[in-house]
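2 protein chains.
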Amino acid sequence: MNREIPYKIYLEENEMPKQWYNVRADMKNKPAPILNPATMKPITVEELSPIFCTELAKQELDDTTPYFDIPQEILDFYRMYRPAPLVRAYCLEKKLGTPAHIYYKFEGNNTSGSHKLNSAIAQAYYAKKQGLKGVTTETGAGQWGTALSMACSYFDLDCQVYMVKVSYEQKPFRREVMRTYGANVTPSPSMLTEVGRKINAEFPGTTGSLGCAISEAVEAATAQEGYRYVLGSVLSQVLIHQTVIGLETKIALDKYGIKADTIIGCAGGGYNLGGLISPFAGEVLRGEANYDIIAVEPASCPSLTRGRYAYDFCDTGKICPLAKMYTLGSGFIPSANHAGGLRYHGMSSIVSQLYDDGILTARSVEQTEVFKAAQTFARIEGILPAPESSHAIKVAIDEALKCKETGEEKNIVFGLTGTGYFDMVAYQKFNDGDMKDYIPTDEELEKSFATLPKISL
Amino acid sequence: MNREIPYKIYLEENEMPKQWYNVRADMKNKPAPILNPATMKPITVEELSPIFCTELAKQELDDTTPYFDIPQEILDFYRMYRPAPLVRAYCLEKKLGTPAHIYYKFEGNNTSGSHKLNSAIAQAYYAKKQGLKGVTTETGAGQWGTALSMACSYFDLDCQVYMVKVSYEQKPFRREVMRTYGANVTPSPSMLTEVGRKINAEFPGTTGSLGCAISEAVEAATAQEGYRYVLGSVLSQVLIHQTVIGLETKIALDKYGIKADTIIGCAGGGYNLGGLISPFAGEVLRGEANYDIIAVEPASCPSLTRGRYAYDFCDTGKICPLAKMYTLGSGFIPSANHAGGLRYHGMSSIVSQLYDDGILTARSVEQTEVFKAAQTFARIEGILPAPESSHAIKVAIDEALKCKETGEEKNIVFGLTGTGYFDMVAYQKFNDGDMKDYIPTDEELEKSFATLPKISL
Chain E
0 MNREIPYKIY LEENEMPKQW YNVRADMKNK PAPILNPATM KPITVEELSP IFCTELAKQE
60 LDDTTPYFDI PQEILDFYRM YRPAPLVRAY CLEKKLGTPA HIYYKFEGNN TSGSHKLNSA
120 IAQAYYAKKQ GLKGVTTETG AGQWGTALSM ACSYFDLDCQ VYMVKVSYEQ KPFRREVMRT
180 YGANVTPSPS MLTEVGRKIN AEFPGTTGSL GCAISEAVEA ATAQEGYRYV LGSVLSQVLI
240 HQTVIGLETK IALDKYGIKA DTIIGCAGGG YNLGGLISPF AGEVLRGEAN YDIIAVEPAS
300 CPSLTRGRYA YDFCDTGKIC PLAKMYTLGS GFIPSANHAG GLRYHGMSSI VSQLYDDGIL
360 TARSVEQTEV FKAAQTFARI EGILPAPESS HAIKVAIDEA LKCKETGEEK NIVFGLTGTG
420 YFDMVAYQKF NDGDMKDYIP TDEELEKSFA TLPKISL
Chain V
0 MNREIPYKIY LEENEMPKQW YNVRADMKNK PAPILNPATM KPITVEELSP IFCTELAKQE
60 LDDTTPYFDI PQEILDFYRM YRPAPLVRAY CLEKKLGTPA HIYYKFEGNN TSGSHKLNSA
120 IAQAYYAKKQ GLKGVTTETG AGQWGTALSM ACSYFDLDCQ VYMVKVSYEQ KPFRREVMRT
180 YGANVTPSPS MLTEVGRKIN AEFPGTTGSL GCAISEAVEA ATAQEGYRYV LGSVLSQVLI
240 HQTVIGLETK IALDKYGIKA DTIIGCAGGG YNLGGLISPF AGEVLRGEAN YDIIAVEPAS
300 CPSLTRGRYA YDFCDTGKIC PLAKMYTLGS GFIPSANHAG GLRYHGMSSI VSQLYDDGIL
360 TARSVEQTEV FKAAQTFARI EGILPAPESS HAIKVAIDEA LKCKETGEEK NIVFGLTGTG
420 YFDMVAYQKF NDGDMKDYIP TDEELEKSFA TLPKISL
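Protein sequences, first through last, are from chains E and V.
Reminder that position 113 of the first sequence reads as 112 in numbering that gives the first Met the number 0, one-by-one numbering, no gaps.
Reminder that position 166 of the second sequence reads as 165 in numbering that gives the first Met the number 0, one-by-one numbering, no gaps.
Here's what the structure looks like:
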């Protein structure tokens, strides 16, 4: 079947996935267990439960169940903004003069502006189901906080967001979106928590950090009856929820008889990437198909391409469980790259293991090139992409241009995770010709590798 | 046929409209002819052509041709961001406890964030086809400028935008989106035009006005070889292009055998409203159906509900043709209502005539109530609506609550013209409880009616 392919493939509601996929079930080499930072031993559901919702703690540690049913309430919410379209980039193909067929899965058509909502609604649902009053979280630029605010508002849950103070002040729009959805947004460090008061006393006038905001959110969750802490990345449960991206993509491709050759995603913590590629990686793991899967990361924060595969802290505050992952060391301070969502020292333990096993490859790109690709894409395909997503665009264009040389009619699929409406400061720098690239030196990386913990299991 | 209705109705590409509809062809009482401000006589295509593209000038004056073919190039562009979904607001219905079925046509899923792109791409196409080098326009908050930048970038046309200086400085994000699409954005008043230099000399340090920006854009268009001036509202051609909204809505409803009872749109100049209601008004005019069509305007700028039906200038600068319309007088200074797109003294001549003939009714609403409705909608349906669109939401909720009282299972359809991402200053005021309402007094209106020109045809 190869009927003419429309610009946008929308699944019918009855074609939408009803289960998330847990790729760990199909991995012979399972990701190494995550460790309790207090004991440095593999953590248990019981140990996770005081901080995280119990059902989510179970998903976190389950590496054998291949599918989790998506509860009806979440399916209902998904239907408000999903299915996300799989778009055939006809105009981009024409502009590039490539015989390749380019497709992108667009996750930006919701008010949070990105894929983050896919996991936020799941986490809010399990919190509600557990009878909790509310959840706490941290947010940097505000994308995750926005998604969680939307999800909590839908389930009538209290949502307490600790927002890094500098962002709280510099990104008032994001803050107001969260407030419109009823969230309680507090600049961090605050005077509401012990850790916040301590940091404020030690560093008067500090503008905060993500590590500090995490610490405050965790303290707030454990200090209040009926609250738990939720996270938009770092954890495997987030990757599982994000598989709705890849599952929809696969169903849409199958519907039109399209076999993907190359699958490309941007990688920060690896959660949207993992969600996109899981169903395809599963086929590879089961020996059913082959794909060229490419993770794209910023050259300024090259955890896959230049990192070490080792146990490390997932957060600079060393509160979250430790994971074995490709990492630059939790002491790595990324440069002020404008793709805020990709400024993370490590990589999902699932993606790390798949990478180590050769199921996917990785490439790093510099931000000026990324913004050039973003501009090209915006002008031709209409959508103004997020800087993070534009990493995938850059490599998709590179691959399409290779096909132009070789004449290959490859099917290239990439993830367009979100829109760039709140990233115009970065675009302005690019428009003004003031954007700089930054690649850490080997010496700098050696220094941050030295922050890796010594673990012997 | 009444199969189960999905959350979102997307037309297949082959179901999308291939013609725009010109409702004037079905009107027994045609809108009065527009007048040349220099002669105060009905204007001709020849007189319009030095300023506007010739094909658009023809569409402007044609009140007999019922359908205009949409050129293939525009259909191709439409396919990148259309069809817009017709959404069944299941969650809102449930929350309100109403037996009514609520549908909304969502035009916000494109980077310009609104319906404006529907006409921008058409106007850019005709400019390109005429062999022009570029177009000029003015923009206030930047929504129209963004849409036009996107359209011009697609057709590789030069785009010169005169942006009111205060917005240029206060809305740098909008400005940068336009620049990313390659537009030349100039703060108005500028030193590039005679009128700009004159205003700068007379009022040093002025932050500009829309009237002044229009004057500069018109001068720039006529002063440069191969340029024309384009407009995002005011003209009937814009309303014609916007009928793609109503036509898609009608096809989607028909596909599921749904008969609309009530159709609601927000009305500033009346161009999105006119586009939404045209196909339905056409049925009423031809005696084929009846609908309760409601235009919703801000109480602070009540051109339909409290204006006069008279010839007036369409712009404060008195450069554009005059139209017979419901108007508050071109000297009316609207209060600082946050729905910038509805702050216009007049109303499309087509909508005005339909209103005068009783084909539609009008209602005015106050902005605090509008933001309450916006917040409710955002929290339940996920989408953060533009303040303009939220006027329609307010009345749709009112109508649904009436059905709750009467038990009627009405089908209520409203236009959700865009998103509110760039309106967070207004939301912040609302969130902080600092929003005020403003209704002009009769005395104030009498004063502005005194600015109406004396015309005897």
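For glycine and all other residues, C-beta sits at the position ideal for the given N, C-alpha and C.
Considering only residues of the same chain and omitting the five flanking positions on each side of residue i, which have a CB-CB separation below 6 Å?
{"i": "G195 (chain V)", "result": "P188, S189, E215"}
{"i": "A182 (chain V)", "result": "S148, C158, V160"}
{"i": "L353 (chain E)", "result": "A280, L359"}
What's the C-alpha gap between residue i and residue j?
{"i": "Y180 (chain V)", "j": "G133 (chain V)", "result": "14 Å"}
{"i": "A16 (chain E)", "j": "E72 (chain V)", "result": "Before going on, a small fix: residue 16 (chain E) reads as Pro here, not Ala. Roughly 35 Å between the two C-alpha positions."}
{"i": "M0 (chain V)", "j": "I257 (chain V)", "result": "Bear in mind that the predicted position of M0 (chain V) carries a pLDDT of just 40, short of 50, making it unreliable; the figure below should be weighed with that in mind. Rounded to the nearest angstrom, the two C-alpha atoms are 9 Å apart."}
{"i": "D436 (chain V)", "j": "I318 (chain V)", "result": "32 Å"}
{"i": "A83 (chain E)", "j": "E46 (chain V)", "result": "47 Å"}
{"i": "G345 (chain E)", "j": "C402 (chain E)", "result": "32 Å"}
{"i": "N21 (chain E)", "j": "V237 (chain E)", "result": "11 Å"}
{"i": "P452 (chain V)", "j": "C265 (chain E)", "result": "60 Å"}
{"i": "T53 (chain V)", "j": "T221 (chain V)", "result": "14 Å"}
{"i": "A541 (chain E)", "j": "V364 (chain E)", "result": "A question about residue 541 (chain E) goes unanswered here, because the residues of chain E that appear run from 0 up to 456."}
{"i": "V165 (chain E)", "j": "G207 (chain E)", "result": "7 Å"}
{"i": "C211 (chain E)", "j": "T185 (chain E)", "result": "13 Å"}
{"i": "S351 (chain V)", "j": "A309 (chain V)", "result": "10 Å"}
{"i": "K115 (chain V)", "j": "Y9 (chain E)", "result": "24 Å"}
{"i": "D356 (chain E)", "j": "G286 (chain E)", "result": "14 Å"}
{"i": "S455 (chain V)", "j": "L131 (chain V)", "result": "37 Å"}
{"i": "V283 (chain E)", "j": "K446 (chain E)", "result": "37 Å"}
By the three-class DSSP mapping on this structure, what secondary structure does residue i have?
{"i": "T367 (chain E)", "result": "helix"}
{"i": "H240 (chain E)", "result": "helix"}
{"i": "Q129 (chain E)", "result": "coil"}
{"i": "R227 (chain E)", "result": "strand"}
{"i": "Y20 (chain E)", "result": "strand"}
{"i": "S113 (chain V)", "result": "strand"}
{"i": "F413 (chain E)", "result": "strand"}
{"i": "G264 (chain E)", "result": "strand"}
{"i": "L85 (chain E)", "result": "strand"}
{"i": "D441 (chain E)", "result": "helix"}
{"i": "I198 (chain V)", "result": "helix"}
{"i": "T97 (chain E)", "result": "coil"}
{"i": "Y255 (chain E)", "result": "coil"}
{"i": "F279 (chain E)", "result": "helix"}
{"i": "F429 (chain V)", "result": "helix"}
{"i": "N271 (chain E)", "result": "helix"}
For residue i, tell me which candidate among the options has the shortest Cα-Cα distance.
{"i": "S299 (chain E)", "options": "E:G339, E:T64, E:N430", "result": "E:G339"}
{"i": "D253 (chain E)", "options": "E:G330, E:L95, E:N410", "result": "E:N410"}
{"i": "I4 (chain V)", "options": "V:V369, V:D311, V:Y89", "result": "V:Y89"}
{"i": "R305 (chain E)", "options": "E:D311, E:G96, E:T326, E:C313", "result": "E:T326"}
{"i": "A361 (chain E)", "options": "E:S329, E:S455, E:S447, E:G273", "result": "E:G273"}
{"i": "Y102 (chain V)", "options": "V:V176, V:T261, V:P49, V:P203", "result": "V:T261"}
{"i": "T450 (chain V)", "options": "V:G330, V:Y167, V:Q142", "result": "V:G330"}
{"i": "V394 (chain V)", "options": "V:F376, V:G417, V:I8, V:C313", "result": "V:F376"}
{"i": "E218 (chain E)", "options": "E:Q169, E:T136, E:M177, E:P36", "result": "E:T136"}
{"i": "V233 (chain V)", "options": "V:G139, V:A31, V:G269", "result": "V:G269"}
{"i": "I244 (chain E)", "options": "E:E193, E:S347, E:N117", "result": "E:N117"}
{"i": "Y255 (chain V)", "options": "V:Y228, V:K93, V:L85", "result": "V:L85"}
Can you list, in chain order, the residues of its chain with a C-beta nearer than 7 Å to that of residue i? Leave out the 5 residues immediately preceding and following it.
{"i": "E11 (chain E)", "result": "none"}
{"i": "F76 (chain V)", "result": "I120, Y153"}
{"i": "D422 (chain E)", "result": "H337, A385, P386"}
Taking CB distances under 9 Å as the criterion, tell me whether residue i reaches chain B.
{"i": "M149 (chain E)", "result": "Judged by its chain identifiers, the structure shown contains no chain B, and its protein chains are E and V."}
Length-filtered (3 minimum) beta strand (DSSP E) runs lying within the segment 126-190 of chain E: 133-138, 157-163, 183-187
What residue ranges within the segment 286-365 of chain E form continuous alpha helix (DSSP H) runs of no fewer than 4 residues, ordered along the chain? 302-305, 348-355
Entirely within the segment 0-61 of chain E and at least 4 residues each: give me those alpha helix (DSSP H) ranges in chain order. 44-47, 53-60
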